[in-house]
Amino acid sequence: MSGSIQSVMSNIQAKLIFVLFAGYCTSTLADQVDGFLEPYKEIEIASPEPGLLSRVEVVLGERVKAEQLLAQLDRAEYFARVEIAASEMVFKGDLELTQAEVDLNESMVEKLQQLRTRDHATQHELERAENQLRIAKAKLLSTQEQKEILKLQHALAIIQLNKRDLKSPIDGIVTEIIRDPGEFISMNEPTVLRVVQLDPLLVVFSVPIDQVKSLAEGQTVDIRLDQPRQLVDGVIEYISPTANPQSGTTSVRVRVPNPGERYMSGGTCRLLLNDLTRSADKLASQTVER
């Protein structure tokens, strides 16, 4: 009895698969859109200024973390600039001298004011002392401002030094090393390395205009990969507000999770747009797995 039920269920499933595949085969090309997997980010690591490349810290195919040092331009001159700026910034001689002049003139004015109340000092002497105090304070202010300028120059020297370090802005893989240590990096050809991010992957589909209305940013969609043959989820990141009048399509950017970098960049895939196509593809995947 149980064998008969199982046989009936198998027949029903076979008929269902046949019906779905029949609909799948007769569906229009608009029900699925071809695309290919590409790195989510592909970044050229370029020098922001010219200089001699002194070190390359990574090898081809190496996995790197964000902010990891990849290469370095010669830093000797810039390091010296930082040291000079630091020494000028911490020098206290001028500041202490001008502060001492202010303190001395303030004391002088205070004494003359007391003497003036007893007519032991003239008004001219008091006014001259007050003028000297104003001059001393102006010098102190100028010295303090100069001190702040030196601090800024030191910070600028550090920034310029750090620009000699070429770091990765992302977690990724080094796919190309373009320049070798000892080469001069010019602004005409500043790129030193390339780094790609493969988790997640990115697919940009050209979707027919009449199909875009059913899609929304943030929506989860079905993506069928060709290698390996597998149905995976993707998330729509962006739908272009404009269409290509020649092809009648709109660009749709889809993010495809790629944990462990299981799927290879460059592989072909398809965006499944209607329910019939998705159902048939899911049954096909289950049948292949069995």
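Each residue of the sequence shown is one higher than the one before, starting from 221 at the first, in our numbering.
Yeah, the Cβ is synthetic: ideal placement off N, Cα and C, and Gly gets one too.
ask   = Hey, out of Ile-429, Asp-251, Cys-489, Gly-468, whose CA is closest to Arg-449's CA?
value = On the sequence shown, position 229 is the one that residue 449 refers to. Residue Cys-489 is the option with its Cα nearest to Arg-449.
task = Count the C-beta pairs between the region 261-273 and the region 289-304 that are closer than 8 Å, then say yes if the count reaches three, no if not.
result = yes
task = Identify whether Leu-492 lies in helix, strand or coil by the three-state DSSP scheme.
result = Sequence index remark: in the sequence shown, residue 492 carries index 272 (1-based). Here Leu-492 sits in strand by DSSP.
message = Considering Cα atoms alone, identify which of Tyr-483, Thr-469, Pro-477 is closest to Asp-254.
response = Translated into positions along the sequence shown, residue 254 becomes position 34. That would be Thr-469, whose Cα lies nearest to the Cα of Asp-254.
inquiry  = Between Ile-456 and Gln-417, how many whole angstroms is the CB-CB distance? I'm expecting something under 8 Å.
reply    = Counting from 1 along the sequence shown, the entry for residue 456 is found at position 236. Counting from 1 along the sequence shown, the entry for residue 417 is found at position 197. Contact doesn't hold; Cβ gap of about 19 Å is too wide.
request  = Determine, using beta carbons only, whether Val-412 and Ile-393 come nearer to each other than 8 Å.
outcome  = Counted from its first residue, the sequence shown places residue 412 at position 192. Counted from its first residue, the sequence shown places residue 393 at position 173. For Val-412 and Ile-393, no; Cβs fall outside 8 Å.
message = Applying the 10 Å Cβ sphere with the 16-neighbour rule, what's the burial state of Val-329?
response = Numbered from 1 along the sequence shown, position 109 holds the residue referred to as residue 329. The residue in question, Val-329, is buried, as its Cβ has 16 or more Cβ neighbours within 10 Å.
ask   = Three-state secondary structure (DSSP) at Glu-297?
value = By 1-based counting over the sequence shown, the position of residue 297 is 77. Of the three classes helix, strand and coil, the one that applies to Glu-297 here is helix, per DSSP.
query = What span of residues does the alpha helix (DSSP H) with Thr-363 cover, start to end?
reply = As a position in the sequence shown, residue 363 is number 143, starting the count at 1. Run containing Thr-363: 343-382, per the alpha helix (DSSP H) assignment.
query = Val-228 by DSSP, collapsed to three states: which one?
reply = The residue given as residue 228 occupies position 8 in the sequence shown. Low confidence applies here, because Val-228 scores a pLDDT of 43, under 50, leaving its location unreliable; read the following figure in that light. Looking at Val-228 - three-state DSSP - the assignment turns out to be helix.
message = In chain order, what are the residue ranges of uninterrupted beta strand (DSSP E) at least 3 long that sit wholly in the region 402-430?
response = 411-428
message = Across the region 314-327 and the region 348-360, are there enough close Cβ pairs to call them in contact, namely three or more that are closer than 8 Å?
response = yes
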